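Q:
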Amino acid sequence: MMMSRGTRKQSVVGGRRSSTKSQPKVPSLQDFLGKRDFTGALALLEFKRRNGGDDNETEDEVQTLMWIGYCAFHLGKYERAQEVYTELMTGNHGKCPPEVPLYLACVYYYMQMYSEAQDAAAEISKDSALKNRVLFHVCHKLGDEHKLMQHHQKLSDTNEDQLSLAAIHYLRGHFQEATDIYKRLLLENREDLALNVYVAMCYYKLDYYDVSLEILAVYLQTYPDSAVAINLKACNHFRLYNGKAAEAELKVLAEHGHVLQANDLIRHNMVVFSNGDQALQVLPSLLDFIPEARLNLVIYYLRNDGVEEADNLLKDLEPSTPQEYILKGVVNACMGQSMGMKENLKNAQKFFQLVGASASECDTIPGRQCMASCFFLLKQFEDVNIYLNSIKQYMYADDDFNWNYGISLAATGNYKRAEEALLLVQNEAYKAEYCYISWLARCYIMNNNPRNAWELYLKMDTSNESFNLLQLIANDCYRMGSFLYAAKAFDVLERLDPDPEYWEGKRGAFAGVFQAVVAGKAAKEDLRDVLAMVKHTGNPQVEYMTRVIRKWAKEANVKIS
Numbered sequence: 000m001m002m003s004r005g006t007r008k009q010s011v012v013g014g015r016r017s018s019t020k021s022q023p024k025v026p027s028l029q030d031f032l033g034k035r036d037f038t039g040a041l042a043l044l045e046f047k048r049r050n051g052g053d054d055n056e057t058e059d060e061v062q063t064l065m066w067i068g069y070c071a072f073h074l075g076k077y078e079r080a081q082e083v084y085t086e087l088m089t090g091n092h093g094k095c096p097p098e099v100p101l102y103l104a105c106v107y108y109y110m111q112m113y114s115e116a117q118d119a120a121a122e123i124s125k126d127s128a129l130k131n132r133v134l135f136h137v138c139h140k141l142g143d144e145h146k147l148m149q150h151h152q153k154l155s156d157t158n159e160d161q162l163s164l165a166a167i168h169y170l171r172g173h174f175q176e177a178t179d180i181y182k183r184l185l186l187e188n189r190e191d192l193a194l195n196v197y198v199a200m201c202y203y204k205l206d207y208y209d210v211s212l213e214i215l216a217v218y219l220q221t222y223p224d225s226a227v228a229i230n231l232k233a234c235n236h237f238r239l240y241n242g243k244a245a246e247a248e249l250k251v252l253a254e255h256g257h258v259l260q261a262n263d264l265i266r267h268n269m270v271v272f273s274n275g276d277q278a279l280q281v282l283p284s285l286l287d288f289i290p291e292a293r294l295n296l297v298i299y300y301l302r303n304d305g306v307e308e309a310d311n312l313l314k315d316l317e318p319s320t321p322q323e324y325i326l327k328g329v330v331n332a333c334m335g336q337s338m339g340m341k342e343n344l345k346n347a348q349k350f351f352q353l354v355g356a357s358a359s360e361c362d363t364i365p366g367r368q369c370m371a372s373c374f375f376l377l378k379q380f381e382d383v384n385i386y387l388n389s390i391k392q393y394m395y396a397d398d399d400f401n402w403n404y405g406i407s408l409a410a411t412g413n414y415k416r417a418e419e420a421l422l423l424v425q426n427e428a429y430k431a432e433y434c435y436i437s438w439l440a441r442c443y444i445m446n447n448n449p450r451n452a453w454e455l456y457l458k459m460d461t462s463n464e465s466f467n468l469l470q471l472i473a474n475d476c477y478r479m480g481s482f483l484y485a486a487k488a489f490d491v492l493e494r495l496d497p498d499p500e501y502w503e504g505k506r507g508a509f510a511g512v513f514q515a516v517v518a519g520k521a522a523k524e525d526l527r528d529v530l531a532m533v534k535h536t537g538n539p540q541v542e543y544m545t546r547v548i549r550k551w552a553k554e555a556n557v558k559i560s
């Protein structure tokens with residue numbers, strides 16, 4: 000924590016001892032602070048200020064305001080803390096304590112007013128560890144790398160300075176470095192249980208969700224109603240299981256009296272856990288406070304065909320984390336594919352490759368997905384299959400993975416495995432898309448199951464897409480020697496569009512069916528279907544074809560009518 004004040008030994012709240020023994024004792028400020036009940040402490044202080052003080056009113060007023068600022072800060076009521084410290088600096092209550100500008104700088108930092116925080120800290124001429132830590136964090140937020148390194152060099156080996164350094168590592172995505180510092184501090188300070196939460200947060204970011212839960216359990220044994228810890232536990236359950244499991248963990252907070260909608264972070268996570276429910280109502284107001292809110296709103300738009308809205312949200316974002324690079328890549332890929340913009344596709348390849356080839360991400364699941372995406376856009380499907388096959392065991396129930404893996408396998412001619420992957424897709428919206436239907440139909444045909452492909456067509460409404468699927472079935476079945484279904488497809492195509500090419504295809508398919516029946520490779524009943532199809536065809540060649548078929552059937556003693 001950047002700002003802290005030691006608990007005072009003397010009580011700052013005066014009061015008379017009740018003469019009635021049965022009357023409950025009014026808790027003192029120290030009682031509240033000892034329990035870290037800042038809400039109770041703040042209420043007591045505000046009451047005292049409204050109802051007068053002791054003999055030395057000026058000194059008492061200053062001390063009361065200092066404690067009000069302290070409690071308001073720890074409650075996250077930064078506007079109230081700002082009011083108090085600004086009031087003290089006006090000098091209306093006598094000499095202002097010298098540390099107040101620094102405390103105000105801490106408040107400004109948490110209000111994301113980084114320039115104001117820098118100016119407030121600069122009012123303190125004397126250097127101190129707290130001032131250095133404040134400016135260290137401010138420089139990170141302002142992107143001033145030169146000054147950040149200057150303040151970095153001034154850090155000592157004290158716990159406070161090391162915690163500050165670990166926090167910067169965490170904020171910059173250097174989770175392993177942050178973990179190393181927190182673990183060392185935890186070994187030296189076992190009684191500081193909050194360090195368990197920090198270590199657990201790092202392991203969560205490193206994708207070690209089981210380890211994160213194990214370490215977090217130590218803290219929850221002592222503080223079972225901690226909003227931060229339970230929220231982190233819910234996030235781990237979301238990654239390990241699903242949104243329902245995560246939401247069940249958050250119910251524990253409600254049972255302990257927490258108002259879930261009053262906590263911005265929990266409101267944000269509830270949207271994520273519920274697969275985007277109320278995203279448009281919750282996330283926009285959090286964009287400036289929770290970095291992940293922007294990314295999750297982008298994901299929401301991508302899932303709901305809002306590619307342009309997603310692009311607008313990321314347009315001015317300079318990516319600095321793998322997640323940001325990945326989303327920039329996905330948005331550029333969607334823009335490039337939907338609008339035919341080659342520049343966007345090149346940018347997408349670049350973003351995916353930056354993540355997939357990085358030392359920190361190359362062996363992670365997202366890293367390998369990125370390399371697969373890069374090669375997918377380059378149409379190098381053999382390479383795509385290598386990367387996707389390496390993570391297949393972790394993605395069995397992931398519809399997006401099975402969709403992409405199935406198409407990539409089909410593109411390299413591995414139709415059997417492609418069919419297996421595509422059939423794993425459960426999302427009904429995905430299964431209704433023409434891209435999915437056409438690739439699955441091709442897999443069926445190439446795996447000698449043309450009947451299944453034909454049934455896919457029969458389930459479709461008449462449209463341009465169903466017409467295109469007919470063409471695919473007709474041509475692929477013809478190539479594979481599945482002449483009956485090729486004939487059926489060409490027959491429908493000819494009736495929809497009397498193009499001579501369709502008659503040529505149908506005639507060739509009829510001949511193929513006849514040849515297969517004569518060779519004993521097809522059922523004799525197929526000839527009945529052929530004769531039924533040519534019955535309504537006006538081409539003069541039909542009569543000759545019919546005569547040949549009937550003559551053979553008579554000689555072979557085959558009933559076809």
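Following numbering that gives the first Met the number 0 from start to finish, the sequence shown increments by one per residue and tops out at 560. Positions of the beta carbon are idealized from the N, C-alpha and C atoms, including for glycine. Predicted model, so just to flag it, every value in this text is computed and none were measured.
Using a threshold of 8 Å, state whether the C-beta atoms of A292 and L285 are closer than that.
A: Yes, the Cβ-Cβ distance between A292 and L285 is below 8 Å.
Q: Taking the C-alpha atoms as reference points, what is the distance between G193 and Y218?
A: One detail in the question is off: residue 193 reads as Ala in this sequence, not Gly. Approximately 7 Å, taken between the alpha carbons.
Q: So, at 8 Å on beta carbons, what are the nonlocal neighbours of L344 in its own chain, with the 5 sequence-adjacent residues on each side left out?
A: Correct list, in chain order: N331, A332, G335, Q336 and L376.
Q: Please classify G511 as buried or exposed, where buried requires at least 16 neighbouring CB atoms within 10 angstroms.
A: Its Cβ being crowded by 16 or more others within 10 Å, G511 is buried.
Q: R527 by DSSP, collapsed to three states: which one?
A: Three-state result, R527: helix.
Q: Which of the three DSSP states is assigned to A358 in this structure?
A: Three-state DSSP puts A358 in coil, outside helix and strand.
Q: Let me confirm a value: T461 is counted as buried when at least 16 other C-beta atoms fall within 10 Å, else exposed. Which label applies?
A: Classification for T461: exposed.
Q: Alpha carbon to alpha carbon, how far is Q571 from G412?
A: Within the shown structure, residues of the chain are numbered from 0 to 560, placing residue 571 beyond reach of any answer.
Q: Cα separation between H168 and Y108?
A: For H168 and Y108, the distance between alpha carbons rounds to 18 Å.
Q: Report the three-state DSSP secondary structure of K125 (helix, strand or coil).
A: Here K125 sits in coil by DSSP.
Q: 8 Å is my cut-off, CB to CB: does R494 come that close to chain D?
A: The structure shown contains no chain D; it holds only a single protein chain.
Q: For T221, does the count of other Cβ atoms within 10 angstroms reach 16, so buried, or fall short, so exposed?
A: It counts as exposed.
Q: Quick check on DSSP: helix, strand or coil for Y395?
A: Y395 falls in the coil class under three-state DSSP.
Q: Express the C-alpha separation of L41 and P365 in angstroms, rounding to a whole number.
A: Going by the C-alpha atoms only, they are around 46 Å apart.
Q: Please classify Y197: is it buried, with 16 or more other beta-carbons within 10 angstroms of its beta-carbon, or exposed?
A: Under this definition Y197 is a buried residue.
Q: Excluding the five sequence neighbours on either side, which residues of its own chain have a C-beta within less than 7 Å of the C-beta of S3, listed in chain order?
A: In this prediction, S3 has a pLDDT of 37, which is less than 50 and means its spatial position is unreliable; what the coordinates show is noted afterwards. So the list is empty, once near-sequence residues are dropped.
Q: Which of the three DSSP states is assigned to Q319 in this structure?
A: It is Ser, not Gln, that sits at residue 319 in the sequence shown. DSSP places S319 in coil when its eight states are reduced to three.
Q: Since I believe L421 is in contact with Q433 (beta carbons under 8 Å), could you give me their beta-carbon distance rounded to a whole number of angstroms?
A: A small fix is needed here, since residue 433 is Tyr in this sequence, not Gln. With 8 Å as the limit, Y433 and L421 do not qualify as a contact, their Cβ atoms being about 14 Å apart.
Q: With a CB to CB cut of under 6 Å and the five nearest residues on each side skipped, what residues in its chain are close to I67?
A: Same-chain partners within the cutoff: L44 and V83.
Q: Do H151 and L170 have their CB atoms nearer than 8 Å?
A: Going by C-beta atoms, H151 is not nearer than 8 Å to L170.
Q: Which word fits F237, buried or exposed, when buried means at least 16 other C-beta atoms lie within 10 angstroms of its C-beta?
A: Counting Cβ neighbours within 10 Å, F237 comes out buried, since at least 16 surround it.
Q: Could you tell me the alpha carbon to alpha carbon distance between K553 and V547, rounded to whole angstroms?
A: Computed Cα separation, rounded: 10 Å.
Q: Compute the beta-carbon to beta-carbon distance between P321 and V297, rounded to the nearest angstrom, for a pair I have assumed lies under 8 Å.
A: The pair is not a contact, with the Cβ atoms about 15 Å apart (cut-off 8 Å).
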